[in-house]
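Engineer:
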Amino acid sequence: AGSTAVPRESWVPLTTRHCDELLDSGLIELAAHTHTHADFRNNPERLEADLGECLEVLERRFGIVDPTFAFPYGTRKLGYSGPALAAAVRSAGARCAGHRKPHRQTRTGPVRLGTLHGGRDRHAGDARRKNRRLVRLRP
Numbered sequence: 096a097g098s099t100a101v102p103r104e105s106w107v108p109l110t111t112r113h114c115d116e117l118l119d120s121g122l123i124e125l126a127a128h129t130h131t132h133a134d135f136r137n138n139p140e141r142l143e144a145d146l147g148e149c150l151e152v153l154e155r156r157f158g159i160v161d162p163t164f165a166f167p168y169g170t171r172k173l174g175y176s177g178p179a180l181a182a183a184v185r186s187a188g189a190r191c192a193g194h195r196k197p198h199r200q201t202r203t204g205p206v207r208l209g210t211l212h213g214g215r216d217r218h219a220g221d222a223r224r225k226n227r228r229l230v231r232l233r234p
């Protein structure tokens with residue numbers, strides 16, 4: 096995977112040492128995105144098990160407990176997030192969760208946040224606005 100527009104080393108996976116250095120900088124947060132990045136549509140039990148493995152690695156390697164979470168592929172409209180999958184995320188132990196497309200919050204409850212994608216058109220104000228919309232999965 097990767098792009099010929101950037102050097103090959105830009106696509107090298109992060110090592111545990113790299114993640115430790117990033118965490119030490121205080122500029123980033125490591126969060127959960129599942130262990131395998133599989134398609135969990137209509138399979139909340141599989142999502143819960145896979146996310147549980149991801150959460151265990153985050154805690155064991157980095158001491159991270161109660162992380163945030165972003166759904167793989169993310170779009171609710173296509174079934175990659177929604178109430179049943181949000182319940183699985185809550186049960187696995189993530190603090191809050193997000194998906195790719197923000198949409199109007201019509202009730203309180205699980206996961207209704209769009210994720211912030213980096214790029215030249217993004218700036219700190221975008222992050223602050225999105226962070227205010229984080230939905231907590233449990234107290």
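Residue numbering for the sequence shown follows this note's numbering, beginning at 96 and increasing consecutively. For each residue, glycine too, the CB sits at the ideal point set by N, CA and C. Just so it is clear, the structure is predicted and the values come from calculations on it, not from any experiment.
1. Candidates G174, G193, P102, A100: which alpha carbon is nearest P139's?
2. Within 10 angstroms of the Cβ of V160, are there 16 or more other Cβ atoms? Answer buried if so, exposed if not.
3. Which stretch, first to last residue, makes up the alpha helix (DSSP H) that contains A187?
4. Would you identify the three-state DSSP class for S98, choosing helix, strand or coil?
5. Do F135 and L142 count as a contact pair if the criterion is CB distance below 7 Å?
6. Do you know how far the Cα of C149 is from the Cα of R156?
7. For A187, which of R103, Y168, D115, E151 has the nearest alpha-carbon?
8. Can you say whether A127 is buried or exposed, counting buried as having 16 or more other CB atoms within 10 angstroms of its CB?
9. Rank L146, L117, L122 by C-alpha distance to the C-alpha of T131 and give the top, closest one.
10. By how many angstroms is the C-alpha of T129 removed from the C-alpha of D119?
11. Going by the beta-carbon positions, is the gap between F164 and S176 smaller than 7 Å?
12. Can you tell me whether DSSP reads G147 as helix, strand or coil?
13. Look at the alpha carbon of E104 and the alpha carbon of T111, and state the distance between them as a whole number of angstroms.
Structural biologist: In this structure, then:
1. Of G174, G193, P102, A100, the residue nearest in Cα terms is G174.
2. Exposed, since its Cβ has fewer than 16 Cβ neighbours within 10 Å.
3. 178 to 187
4. coil
5. yes
6. 11 Å
7. E151
8. buried
9. L146
10. If you take the alpha carbons of D119 and T129, they lie about 23 Å apart.
11. no
12. helix
13. 16 Å
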